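Protein sequences appear in the order of chains A, B, C and D.
So the first sequence is numbered by the numbering used here: it starts at 23 and just counts up by one.
So the second sequence is numbered by the numbering used here: it starts at 259 and just counts up by one.
So the third sequence is numbered by the numbering used here: it starts at 50 and just counts up by one.
So the fourth sequence is numbered by the numbering used here: it starts at 20 and just counts up by one.
Glycine residues also receive a C-beta, built at the ideal position from the N, C-alpha and C atoms.
Note that the coordinates shown come from a computational prediction; the quantities given were computed from them, not determined experimentally.
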Amino acid sequence: MPKGALVIGGGVAGVQSALDLANAGFKVFLVERGPCLGGRTSQIHKIFTSMDCTG
Amino acid sequence: MNSKIAKAIKDSKAYLCMECGKCTGTCPVSRYNHGYSPRILVNKAIRSGDLNLLKDKNIWACLTCKLCDERCPAGIEYIDLTLTTRLEAKKIGEQALCSHGGAAQSLMRIMTTPELEQKRLDWIDQTLKTTQNGEVLYFVGCLPYFDVLFSDINVNTLQAAKASIKILNRLGVTPVVLPQERCCGHDLLWSGDMENFEKLARHNIREIKKSGAKKIVFSCPEGYRTFKIDYPKYFNTDFEVEHITEVISRAISNGELKLKNLKKVVTFQDPCRLGRHLGIYDEPRKAITAIPEIQLNEMARSRQRAICCGVSAWMNCSTYSKSIQRARLTEAKDTKADLLVLSCPKCEIHFQCAMHDEKAGEQAKIETVQLVTMIADALEGE
Amino acid sequence: MDVGRHPNIEIFANSEVVGVEGEAPDFKVKVRRKSTFVDWDKCTGCGECPTVCPVHIKDEFQLDLSKREAIYRRYPQAVPNKFLIDKRGSPPCRYSCPAGVNAQGYIALISQGKYKEALELERRDNPFPAVCGRVCTHPCESDCKRKDVDEPLAIAQLKRFISDSEQELSAPSPELNKEKVAVVGAGPAGLSAAYFLAKRGYCPTVFEATDHPGGLLYWAIPRFRLPEIALQRDLDYIKSWGVEIKTGTALGKDLSIKDLQQDYKAIFLGLGAAKEKTMGIEGEDLQGVSLCVEFLNKAVHDPETPVGKRVAVVGGGNSAIDAVRTVLRLGAEEAFVVYRRSRQEMPANEEEIVEAEKEGIKIHYLTNPTKIFGEDGKIKGMECIKMKLGEPDSSGRRKPIPIEGSEFTINLDMVIMAIGQAADVSFLTKEEKFELTRWGTFAVDPDTLQTNIPGIFAGGDAVTGPATVIEAIAAGKEAAESIDRFIRGVDLKADRKKKEDRVKDEDIEIPEELQTEKRTTMPLLDLEKAKKSFEEVAQGFSEEQAKKESDRCLSCAGCSECLECVKVCEPNAIVHDMVDEFVDLDVGSIIVTTGVDYLDPKEASEYGYKRFKNIYTSFEIERIMSEDGPSAGELPLGKQLKEPLRFAFIQCVGSRNMRHDINYCSRICCMNTIKDSLVLKEHYPDANIVVFYIDIRAFGKGFEEFYNRSLEKGVKYIKGKPSKVIEDGSGNLVIHYENEQGHSGQMIFDAVCLSSALIPSRGCRELAGVLGVDIDDDGFYKNMEPATAPLESTKKGVLVCGCATGPKDITDSIAEASGAAVKAACFLEGHELPVEKKEIEQVDVSGPPRVGVFVCHCGPNISKVVDVKGVVEYAKTLPDVVFAEDYTFACSETAQHQIQERIAEHKLNRVVVAACTPKTHEMSFQDSLTAVGLNPYLFDIANIRNQCSWVHQKEPEKATEKAKELVRMSVARVRKLGPLFMKELSVNRDVAVIGAGITGLRCGIDLLQRGFKVKIIEKKELSGGLVRHLSSIYPSFRKGRNIVEKLLDEFTSAGGELLTSTELVDVTGYVGNFQVKVKSAKGETEFTVGAIVLATGSELYDPGERFGYGKYPNVITNMELEQKLISGEIDDIKSVAFFQCVGSRGDDGNPGCSRYCCQAAIKEAIHLREKGIDVAILNRGVRVYSKGAERMYRKARELGVLFLPYDGEPEITGADKAEAVTIPSPDIDADITIPVNLVVLSVGMVPAADSGHLSELFKVPRGPDKFFLERHSKFGPVETTVEGVFLCGCCQFPQDIGDSISQASAVASKVAALLSRDKITLAPITSTVIEEYCRGCGRCAEVCEFRAIELVEKENGVFVAQVNEALCKGCGTCVAACPTGAIDLKHFRSEQIEAQLEALFEG
Amino acid sequence: MKQSVKKIKERSDHSTVQRSKETFEPKIVAFCCNWCSYPAADGAGVSRLQYPTNIKIVRVMCGGRVTPSFVLKAFELGADGVLVATCHFEDCHYMFGARKAADVHKVTEKLTEMLGIEKERLKLDWISSAEASKFARVAREFTETIRKLGPSTIKKKLDALNESIEDE
C-alpha cells in the first residue's frame, strides 16, 4: 500500500492540507487533538460557513 | 371526435383546405421553424384523432397573427381552429412553454382572486384626470405589471396609458380608471385557459358595470380585441369599445386636436390584433401623419401584410421569435426611419427584448415609440 | 468533497501524536486515540444522549460562556459528527468511597427528578442504600469539593432520600443458573457478596448463625437511627435477587468448611468482628459495667432494658453515641460520653454527635477512665484522668497523653464500654489451616480477598477488624469479583479493574458565578419526643430539599456515569469503560498545522479581565455576537441600556509587548476588531465604538477599504494604549488613556473587548520535541527561512504551516496549507488506483413512473414524534406510488438491501426515502440504486427528521401531517425526475505558468517535482521579476539576485521550460484542455495544457511628478535605492527621509495597502543606519506583520531610525536638490524639519498594465482594485472562477516574498490535485439548453460567474447559448435569467420544483 | 339567486374570520439554498430548535435560482407566506448568487405588492449554514407574522363567488 501523509491539526489549515493531498490521490491521516475538525475557525461566526467551502 | 373540435373544424371551414400550403409559405414562424406548418395541423385536425393533434407541441407555436387567414385561398379561419385546439389541449393537461417561468400567467391567474386589492395605479399623477364613475372608461391593461417584470430591458409601457389619459383629458373626457381592474384574459384565453379567462372577464364586466361606463377606450390592441370579439362570445356585454387610435383619428378629423410639428422619419408596426384581427389600419396612419412635418415610410410589408412582433401570450418564445423580430426590425430600419412607431405594449416589449441583447446587430436596432405617446407629446401646449 | 467523507482521508479526532521515529520518507508515528466513551462506528450523531445527561458543565466551544452536557459534540455541524463523553477522572465522592459508589451520578439524577434511576445507579455498587443513607460514615462528604466553596453536600442524606422515595420495591427476580456459592455471615459483607454474585447469575446461599440477617445493622444499631423497616427494605431487595439466607445456621456448629466445600464452588466468609474489647482496667467485672454491643443487642430489641440513672459510655465511635442515646431513651437521668481525645478526632459521625448533644448528652473530651470502683460488686463510680494531645500516631490522629495528677472521679451507676470490637476466627483453625494475622483476623490477599485456601474468600470485619458498613460492602463486592473469576478459572488478578484516578483538583470547575449556599439541614424529630422514643430522629429530605441539595453538586468529574445516555442510545454506541488506544502509522511526510491559542488577558491584569463584568476577549465577542452563541447574538450586559451602547476595543493586549515576551504582531487582531466593530454597528446602530490602537495594520486585500468602511460607519480610532480599565461601582467601565492632546483622559464604556495576543498553541513545544523540529524565538515552529522557505520546518519531510509558524489570517493559512500539501506530496509514492466498476444492467425507466416510498424511523428520532406507519399508509395513496414501507434505520445495510430487493420486486423506477437530511445519506442511497441498475438521480429524500420530527417534537400530530406533506412533495418531484449521467473529460497534464518572477518559478519547481511538465511564459527578457533587483530581502538579508538565480537553476535542472521574451497571443479551451498560443522572436507556436497559472506579478507605482520626483535628482523611489545599495553609490549620503504609502492607501495607485513597503523601508533603513547614515521614515502607521518583522522594526529603532507620523504631502525644500523635509507634527505642537540629501519614495504596488488584457484573455474577473479576483477571499485565495486557471503572488494583490512563495506552492498543490487524474469527472447537475427555445440573448452568459455559457452562432446571425459542462457549477442562476425557459438546471428543473409546490399546496 | 350569493359570501367571510382567529394554520413555503440555509435548517434540527410546522422547505441549489415565477406560483397555489433564504453575500457558494437572489427579489416584491399581497408575506433572508438558531428564529417569527396577517386572499376556495356573478 502506498505510504500516506500525516497531518497534525484539524483546523482550516490542516483540513485544507488534507483535502489537497487526498484530492491528489494520496492517503492522509488527519490527527486532531480535539473531538472534531474546524479549529478556531469554527468559532468565528462571521466568515465560517461550512466545511464544504474548503472543498 | 371531440365535439368542440368538430364544431371548430366546421366553423373555421377547415374542411375546405385544398392543401396548397400557402399558409406555410406565408407563416412567419414556418419561415424559420421548418418543423412548423399550419397546413399539417389543419390536416391533423381533419384526418387524425384528437390526441395526435392535441399533443402536438406545434399547436402552441402559432402566433395567431392571422396572416395565413389573410392569404388562405380557401378562406379557412385557422386561428379560430387554433384557439379551440388549445382550449381542448389544455383540458388534457397540455401546455405551452411559458416565458419567464410562467410568471405572467401566474400574475393573471392570481388576478382571478375576487378579494384582491391591487396597488396598480401609483403611476397616475396630478397631471392626469381620472374618475371612479363615468361614461367613458380607460382600460389600462397589464401595463403596470409589465414595467416591473421587464424592468431589465428598459420598457415603459405605462407611458402609453399616461398618454391616452392625457389625450382623453384634452378632449374633455375624464375617464374612469378602475383600481381593481383585472387582466382582460387575452393571454390566458390564447394559451387555452378558459376557466381563468372566464373569471377575469366576469370580474371586469362586473367592475365596469359598477362604474357606470358605457364606453371603453383601449390603448392595448389585445384588450380591445378581447372586449370586442371574445367577451360578447361568452358574456352578456353591451359596452361600446374603441381603440385610442380611433379616438385620436376622429378628434383630428374634428379638429379637436392640434399637434406640434415633429421633423422625423417614422415607420409604423401594425399590431396583429389591431390590424388583421379588427381591420384598423387607417386610423393610426391618420394619427401619425396628422403631425406636421412628420414623414411616414411604410415597411416593405405593412397593413394586411405586416409581420407580427414574434411572440404571443407569453409562450413559446424561441429562437424563431428572435429571427422574426430581427427580420422585422431590419425591415423597419430599411425604411430609413428614425423611429419605429408602435401601437401595442407587447410589440414594445418584444422588440426591446430583441434589441437588448449584445449580439443584436446595428441593422436591427431602431428607436421605438408608442403612437399615443408620440401624439400626446405633440399636443400643442405641452 | 467534504473532508469527513473523503475516501482518502482517515480522521483521528480526539487523538494525539505521541511518538515519531525515522526519517522522511519513512516515518513511524504513534498516535494515541483518547477514549471518547462512544463507539464512533455506531454513533449516528442523532443527539438523543445530551437530552438525558444531567451534567451541565462549561462549554469550551462557547468559550465557557455557556454550559453543555457531559456527553456532547463541540457544535452541531462538527466533523466527525459524533458524540463523546467528558470524563475527568473519578469524582472525589466516588473516589473516597470504599465501595466506589457513584454519588455524583445519583446526585445528578436526583437533580433531574429521576429518583428511580438514581436508586438503580446506587444499587449497582451498593445494595444497602437505606442503611448507608442513615448510618454510613460517608467519607464521600469529607472529600466533597463543595466544601471549598461552602459546605460539602449531604450525600448520605440524598442517598437516603432516593431509598425512601422508592414506592414499590423493584424486584428483579432473575434466573440464577450458574454455580452455587456459600456465604457465611449475613452481615453487610456477606450479604453484599451474595448480592453481587447473584447479579452475575450465581446461586448464593447465606448461612447466618443468628436468627435474623443483617449482622450488627440488625443487632446493634438502635432503631431511632436505623428503623427496622429501612433495613428490611435493603434485605428484601437483596433477597429479590434470589439470594437465599439460612438463619440459625452457625459455622463450626451446624456446618463445617468441609461440608461447604463439598456442595459449593466457592466460599465467602463474612464473619464480622464479634468479640468486644474491654478497657483492661480495674473494676470491669463490677455489676453495671457492660459491653456496648452486648448492651445494644438487648436494648435495641427490648425497650424495657434496665439502665442506670447516671450512665457513662466510654468511647468515641458511633456505637458509643448509639449506646448513650439509647440509655437516655431507656430512662437514665444523666448519660454522658467519656472520650480520650478531642472532638476533632472523634470517629462518630458529626451529625450523630450533634444530635446527641441536642438531646442533652455531654461529652467529656480528653478524658480517659483509669479505674472503675464500686461497692458490693456494684459499680459506684469511675476514676478518669485528663489527657492532652501529643504527636500524631499511626492512624494520623494526635496521640492522647495522660496529664499526670489530673485524676478525678465521677459517680455512676452504669458504665458502657464502647471501645471497639475485634474479630475472632480462631475457632475455624481447628478444622482448616487458615492463615491468620496477629490480630486474629484472616490473612487474605489484599487484592483478591482470597485466604490461603483456594476458593475460600473472606472480607469485612473478619479481615479488617472492626470497620465501617461501607467497607464491608466494598469487601463483599470485591470478593464477588474474585469468586466469579475463580469459578470461571480466570486469573484472579490479571486486568482486574483498577480504581480510577481521582479527578485532579485543577480540573474541577467551580463556576465564577457560583453563589454560596449552605448545606440543606435534615429535619429532625421534635427533641422532647425524640428523647423519649425510639422513633427515627432524622426525618429525611423532602423532595424540594433533595432537589435543592443535589443542585449544589459541582459535577467534579464531568460525566457522572449515571448511564442515562446508555438507555437512550438506540445504536448502543456508548461504552463507559472504553480505554485509550494506540495506533501505529507509516507515513512519508508530516504536515504540522497546530494553530494558535490566545493569551489569557488576565495576564494583562490592568485591563480587569474577569475582575469586572462585560470585559471580553475578541474570541468571546465572536461567539457572543453569533446567533448560535451563548446569548443568541446579544451582548449579555446584564443591564438595560438607557443610552446608545458604548463599546471599546483595546488592541495589542499582549502583542508587541516585551513585558509579555511577545515580540511579534498578532497580525489578525486589527482586522478582527474592524470586523467586530461593524458587526456591533449592525446590531447596535447607534453604538459609540472606540478602538484604542498603536498601528492599524490593515495590510491585506480589501482590508484598507474595510477599515475605511468602519470609519464611515463612525467607529472612532484613538491611537494609544490605555493604561487601565476600572469599574466605577455602577457597572460602567472606565478606560484611562492618553488623549489626542497628550493629556491623561478617561472614557466610560458599557463593555470592552480586549484583542488578546495569539500565542503558540498549548503543547506545541512538546510536539516539536516528539517531531524533532525546532521552535523559534517566539515559541512557534521555526521555518527554514521565512521568506523563501516558509513551509519547511528544520527537519526534512516535516512541513509547517498556518498559525503553527506564527499568527495569520485564514486566507494566508489556507494558501500555506495547500502549499505544504504539495511539498508533503513529494515524499509520497504513487496514487491510489481507481476502483473498478462492475457493469450492471440498467433498469428501463422510460415507462410511467413507479414510485417506491421508504420511510425511516431513525430509531426513535422520527418515530417518537411522527406516526411513521401513518406516513407509509398515506404514501400508498399518492399518485404513481406502487409500494411503501418503513424501516427502523433505512440507512442500515440490511434496510438498503431490502430497498434494492423492493426495487426489483416491484419494478420501481423512482425512489423516495423519507428520513434524515440528504446531506447525510443521499449518497449511500444513491449507491444502493446504482447497485441495482437504477439511475441514482431517480431518487429524492424527504427530510422528515432534521426538518420535521426534530424541530416539532412537541406537536406530534402536526409533525405527522407535515411529514406526509414532505413525502407528497418528494413523490411529486421524483415523478418528474429523469436519469442523469456522469461525464468524463480527458485532461492534458502539462501546465503553463504565466510570469517568471519568483512566484512563477517557485510554482513551476513544485509542479516539476510532482512530475508535471511546466512551461513558464515570460514577456520580459529576464526572469526573476522585481526580486532580481533587490539588494537584499528581509528578514534574512539575502541578496535578491541570488535567490532568483537559485530558483532559476532549480527550475531548469528539474526540466522546466522557460520561454522568455515571449508574448501570449491567445488562449482558448477550458479546464484540462487549454490551447495556448505564444509569440516570440522565433515566431508563433501553439501548445496544449491542462491548467494555467497566472503569476504575472504587479508593477510599482509611478509617482510622476509628485513629491518632487523628477524635479529633484535626489528624490528617488525605493527600487532606485535598491540599485544604489547594490552598486554601493551611497557614500555621499548623510541623511535620508523615506516617504511611505506613496501610491498606496489612496485614490491614486493602489486603494489598499501595498503590504511590502513598511518592512522594505525598515530593511533599507537598517542598511543605511549601519553605515552611519541618518534615517527618518515618514509613515502613516507602521505595518510590519510578517515573521521576524517586529523584531526587525525594534532593531531599526534601536539603531536610531526615526519614525515620524505624517499625513498628506510633506513639504520638500531645496533649490536644485531636495535639502530639507518639513512635516507638521501636531502632537508635539511643532513642525519638524529634517535636513536630507536623499528622499526615498516607498512606492506602492499597482496592477500590471496588461492585467486588463489578461483578464479578458482568460476571462478571469478583476476586483474593484483591478487586481485579479480570487474564487473566495478566505477559502479559495489561489483559485479563480474559471476552472483550471489559478492565481498566485502579486497579480492577486501585493504580497511580501514569503506570502508569494506560499501561494506559489499552494497553486502547485491545486494544479497537482486537478491534473493527478487522467480524467475529470463532471458533476451531472448542470444547466442544459433547448436550442429551439433559445433566443441567443446572452442573459444567461451574462449572469454566469463561471463563464460556463457561451453564445455560439448557429447560422447567419442566429446565436444559441451553449453550456460547457466542465465549467458549470449547477447554481441555476442562468435559469432565472432566461426569458423563454430555454435553459434549465438538470435535477432542479422548473417543472420539478413546480411539481413540489403544487403538491405542497394541493392538500 | 342574489340570496345565494350573499350566503356564499357570508359563509366565506365567516370562515375567513374564524380561520384567522382560531384555527388558521398558515401555509408557508421556504426556498432554501443548498449550501447555507438548507443546512442551517438541518442544523436547527440537530440542535432541536423548535419552530412551527407551517414551514415547508423546497431545496434549490442557489437562491439566485428563485425566480419571480416560483414565488408567484406559490402564492397562486395558496401560500400564505413565502420565504427565500440564501447565503450571506460574502459566503455565497456561487460567489454572487445571493446578490442575484436579492436583485430578483426586488422585482418579485414589486409584483406582489402591486397585486395587493401584503409585503410581509414575502421575505428574503440570509442564513449561513452555521446559523441554525437564526433559521429557527426566522421560521418562528415569519410564521407568527403570517398568523397575525391571517390567510392570504388568494385562495381557490373562494371561487364559488365568481361562478355566481354570472347570474346577477
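Unbroken beta strand (DSSP E) run spanning residue i, endpoints
i                  : result
Cys252 of chain C  : 252-256
Leu28 of chain A   : 26-30
Cys802 of chain C  : 800-805
Glu1171 of chain C : That residue, Glu1171 of chain C, is in no beta strand (DSSP E); its alpha helix (DSSP H) goes 1167-1176.
Leu1107 of chain C : 1106-1108
Straight-line gap, residue i to residue j (C-alpha atoms, nearest Å)
i                  : j                  : result
Leu882 of chain C  : Ile889 of chain C  : Residue placement at Leu882 of chain C is flagged as unreliable, the pLDDT there being 44, under the threshold of 50; a coordinate-derived value is accordingly withheld.
Lys1013 of chain C : Ala924 of chain C  : 7 Å
Glu1451 of chain C : Tyr164 of chain C  : 50 Å
Ala27 of chain A   : Ala49 of chain D   : 44 Å
His112 of chain D  : Lys467 of chain B  : 55 Å
Thr242 of chain C  : Ile522 of chain C  : In the sequence as presented, Thr is not what sits at residue 242 of chain C; that position holds Ala. Taking the straight line joining both Cα atoms gives about 8 Å.
Glu1258 of chain C : Glu1171 of chain C : 23 Å
Asp135 of chain C  : Ala323 of chain C  : 45 Å
Ala1041 of chain C : Val1327 of chain C : 15 Å
Ala564 of chain B  : Glu1399 of chain C : 34 Å
Residue span of the alpha helix (DSSP H) that contains residue i, given as start and end
i                 : result
Val490 of chain B : Reading off the sequence shown, one finds Pro at residue 490 of chain B, where the question assumed Val. Pro490 of chain B -> alpha helix (DSSP H) spans 489-492.
Gly36 of chain A  : 34-45
Ser64 of chain C  : Here Ser64 of chain C belongs to no alpha helix (DSSP H); instead the beta strand (DSSP E) covers 64-70.
Chain-ordered neighbours of residue i on chain D, where CB pairs are closer than 9 Å
i                 : result
Arg440 of chain B : Chain D residues near Arg440 of chain B: none, gap ~11 Å exceeds 9 Å.
Proximal chain B residues relative to residue i, where beta-carbon distance stays under 7 Å
i                  : result
Ser1454 of chain C : This structure leaves residue 1454 of chain C out entirely; chain C is present only between 50 and 1452.
Under 9 Å from the C-beta of residue i: neighbouring residues of chain A
i                 : result
Ala817 of chain C : In chain order: nothing, as chain A lies at least about 11 Å away.
TODO: For the segment 107-132 of chain D, enumerate the residues whose C-beta is nearer than 8 Å to any C-beta of chain B, in chain order.
DONE: Val126, Lys129, Leu130, Glu132
TODO: Note down, in chain order, all residues in the segment 1376-1408 of chain C with a beta-carbon under 7 Å from any beta-carbon belonging to chain B.
DONE: Glu1380, Glu1381, Tyr1382, Cys1383, Arg1384, Gly1385, Cys1386, Gly1387, Leu1400, Gly1406, Val1407, Phe1408
Open item on the list: Tell me which residues of the segment 114-129 of chain C have at least one Cβ-Cβ distance to chain D shorter than 7 Å, keeping chain order.
Closed with: The residues in question are Pro125, Gln126.
Open item on the list: Counting only Cβ-Cβ distances shorter than 7 Å, please list the residues of the segment 68-80 of chain D near chain C, keeping chain order.
Closed with: Leu68, Gln69, Tyr70, Thr72, Lys75, Ile76, Val77, Val79, Met80
Open item on the list: Taking beta-carbon pairs under 7 Å, can you tell me which members of the segment 331-355 of chain B lie near chain C?
Closed with: Leu355
Open item on the list: Restricting to runs no shorter than 3 residues, where is the beta strand (DSSP E) found entirely within the segment 486-574 of chain C?
Closed with: 505-507
TODO: Could you tell me which uninterrupted beta strand (DSSP E) segments, each at least 3 residues in length, are contained entirely in the segment 58-139 of chain D, listed from first to last along the chain?
DONE: 74-79, 100-105
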